[in-house]
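S.K.:
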Amino acid sequence: MDKIILVLEDSSKARFGGGQKITLEVMKILYASHTLYLADVTTDTPSIFQAKAADLIRKYIPLTGTGKIAAKGKSSYNLSLKEIISFPLYFFRNLSAIRKGLKPHRKEQVLVYATTKKALVHAYFLKILWNYNFIFHAHSPESKSRVIQKVMHLLYKKALLILCVSEFVKNSMQLDQTLVIPNFFENPSSLLPGPRDITEKQQIRLATFSSLLKMKGIDVFMNSYQHLQTKDRYNIRYEIYGEGEQQSTLQNLENANVKLMGFSNNVNLTMQQMDLVVVPSISEESFGLTALEAMSMGIPVIVTNMGGLAEIIPDGKAGVHVMPNDPKAIAAAIDLLLSDKDLYRSFSQEGIRHAGLFTKEQFREKILKAFDIAANT
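Right, dumping it as structure tokens:
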């Protein structure tokens, strides 16, 4: 059933983040069978997301707000005092603009797709005031604050469907209308080698790829170097890729073999040159995209055993789980993989197989099914 799909986005706080990449892919999937409208917040010129979505949409509804793109490596989730104070004013103005843009259409013709929690608030009131049905795409787990949980559950309960990127996100919500649709990734075929072998290796390169935020646990990874047993057997080099607010602090942990490398312009190409990839997050992640990308290239991974990382990465088969905030555990996992070449190769082979489960085609099929269910409800 052909519907008007109203995509609610907020480009005022993201250059073109992972969530927006998924939103854009959903729009491409729905383009052939539905008519797409986009309501988006920006603060000046059209965003990267809007430019990429321009050929897919029939109508653009501009929204206003005071959000600003975070500096490189800073979290875009935090709200400024100005944003909080001005939100009610902009909210009602935006709600009016959305209603005006949808007014020519009967409510049965429209399905709202909310992609952020700020968009969820708009979707909720579009449902309450004018009975527009909506889908919410949950990219992060529920807050651990009981007060915030109660407020968010009021909003969630009005959604026809909540799409969750992992079982971890779904379980944090504890609602019946949740559906798990894992994110996908695509690496160029040139970056997908067969299983790897370290038999002839003299130098071993390990890396992290993330913003340099406290929650990413980069300091824990860097501190693990001093606990390695295999550094007498190999020339082991730690490479930390990314920028962020922890950079000056982390510089104090550098040495000849542990280096901050800055921002990588081609993460896939850089990652391909690594022998191990570590994701040492000390805060629960919703998914494990970096680890999956590494495994697809045959690179064994070491991840903290929490959240979406623990769910997506099979422990003892394609990756090793370690406790968060434990540099000795990271060092022990590295030593384990470097001391047993057969185990390393087995992890490499299983990683390639496991990463192959997260394909764009599977994502496409699940998205189409979810929107078909919602469109016919």
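With full-length UniProt numbering applied, the sequence shown covers 1 to 377. Heads up, the beta-carbon is just placed ideally off N, CA and C, and yes, glycines get one too. Predicted model, so just to flag it, every value in this text is computed and none were measured.
(1) Tell me, please, which residues DSSP counts as bridged to Lys-52.
(2) Along the chain, where does the alpha helix (DSSP H) containing Gly-18 start, and where does it finish?
(3) Throw me the rounded Cβ distance for the Gly-319 and Ile-302 pair, which I believe falls under 8 Å.
(4) Quick one: measure Cβ to Cβ for Arg-196 and Arg-345, integer angstroms, because I've assumed they're closer than 8 Å.
(5) Keeping to the same chain, check which residues put their C-beta closer than 6 Å to that of Tyr-113; ignore five residues upstream and five downstream.
(6) Under 8 Å between the Cβ atoms of Leu-154 and His-137?
(7) Looking at Thr-208 and Val-278, is the spacing between their C-beta atoms short of 8 Å?
(8) So Thr-115 and Glu-9 are in contact, right, with Cβ under 8 Å, and what is the actual spacing, rounded?
(9) Leaving out five residues on either side along the sequence, give the residues of the same chain with a beta carbon under 6 Å from the beta carbon of Lys-72.
(10) Taking only three categories from DSSP, how would you classify Gly-262?
(11) Alpha carbons only, please: which of Tyr-60, Lys-52, Gly-217 and Leu-161 is nearest the one belonging to Ile-373?
(12) Going along the chain, which unbroken runs of the alpha helix (DSSP H) with 4 or more residues stay wholly within the UniProt domain "Glycosyl transferase family 1" (203 to 352)?
(13) Whose CA, out of Ala-51, Ser-224, Ile-204 and Asp-342, lies closest to the CA of Leu-276?
(14) On the three-pair Cβ rule with 8 Å, is the region 219 to 234 touching the region 325 to 335?
(15) Residues in the same chain with beta-carbon distance under 6 Å from Tyr-234, minus the five sequence neighbours each way, listed in chain order, please.
(16) Please state whether DSSP places residue 423 in a helix, a strand or coil.
(17) Quick one: is Lys-103 buried, meaning 16 or more other Cβ sit within 10 Å of its Cβ, or exposed?
(18) Given this structure, state the Cα-to-Cα distance separating Ala-32 from Lys-317, to the nearest angstrom.
(19) Under the assumption that residue 430 contacts Ser-210 (Cβ atoms under 8 Å), give the Cβ distance between them as a whole number of angstroms.
(20) Which whole-angstrom value is the C-beta distance of Phe-185 and Glu-293, which I expect to be below 8 Å?
(21) Apart from the five residues just before and just after Ile-29, which ones in its own chain have a Cβ nearer than 7 Å to its Cβ?
(22) In three-state terms, what does DSSP make of Pro-46?
(23) For Leu-206, count neighbouring C-beta atoms within 10 Å of its own C-beta (all shown protein chains included) and say buried if the count is 16 or more, exposed if not.
(24) Hey, Met-173 and Ser-283: beta-carbon distance below 8 Å or not?
(25) Can you tell me whether Thr-178 is buried or exposed? The criterion is at least 16 other CB atoms within 10 Å of its CB, across all chains shown.
(26) Can you tell me the Cα-Cα spacing of Glu-254 and Leu-212, whole angstroms?
(27) Taking the straight line between their C-alpha atoms, what separation do you get for Gly-262 and Asn-252?
(28) CB-CB under 6 Å to His-105, same chain, minus the five flanking residues each way: which ones, in chain order?
(29) According to the neighbour-count rule (16 or more other Cβ atoms, all chains shown, within 10 Å of its Cβ), is Gly-194 buried or exposed?
(30) Identify the continuous alpha helix (DSSP H) that holds Glu-167 and give its terminal residues.
(31) Is DSSP giving Asn-94 helix, strand or coil here?
(32) Can you have a look at Asp-176 and say buried or exposed, based on whether 16 or more other CB atoms are within 10 angstroms of its CB?
(33) Could you give the distance in angstroms between the alpha-carbon of Lys-170 and the alpha-carbon of Ala-123?
(34) So the beta strand (DSSP E) Lys-59 belongs to, where does it begin and stop?
(35) Count the other C-beta atoms from every protein chain shown that fall within 10 angstroms of the C-beta of Asn-94, then say buried if there are 16 or more, exposed otherwise.
(36) By the three-class DSSP mapping on this structure, what secondary structure does residue 380 have?
M.R.: Reading from the atomic positions:
(1) DSSP output for Lys-52 lists no bridge partner at all.
(2) 18 to 30
(3) 7 Å
(4) 7 Å
(5) Non-local beta-carbon contacts of Tyr-113 in its own chain, meaning distances under 6 Å to residues more than five positions away in sequence, involve Ile-5, Val-7 and Ile-135 in chain order.
(6) no
(7) yes
(8) That pair is a contact at about 6 Å.
(9) Residue placement at Lys-72 is flagged as unreliable, the pLDDT there being 48, under the threshold of 50; a coordinate-derived value is accordingly withheld.
(10) In the structure shown, Gly-262 sits in a strand (DSSP, three-state: E or B).
(11) Leu-161
(12) 218 to 223, 247 to 251, 267 to 272, 289 to 296, 307 to 312 and 327 to 339
(13) Ile-204
(14) yes
(15) Ile-204
(16) Examination of residue 423 is not possible in this model, given that the chain is present from 1 through 377 alone.
(17) Lys-103 should be labelled exposed.
(18) Within the model, the alpha-carbon separation for Ala-32 versus Lys-317 is close to 40 Å.
(19) Because residue 430 is not part of the residues shown, which for the chain are 1 to 377, the question remains open.
(20) Confirmed, Cβ separation roughly 6 Å.
(21) Arg-364, Ile-367 and Leu-368
(22) Of the three classes helix, strand and coil, the one that applies to Pro-46 here is coil, per DSSP.
(23) buried
(24) no
(25) buried
(26) 14 Å
(27) 15 Å
(28) Ile-4
(29) exposed
(30) 167 to 173
(31) helix
(32) exposed
(33) 20 Å
(34) 59 to 63
(35) buried
(36) There is no way to answer for residue 380, as the model of the chain reaches only from 1 to 377.
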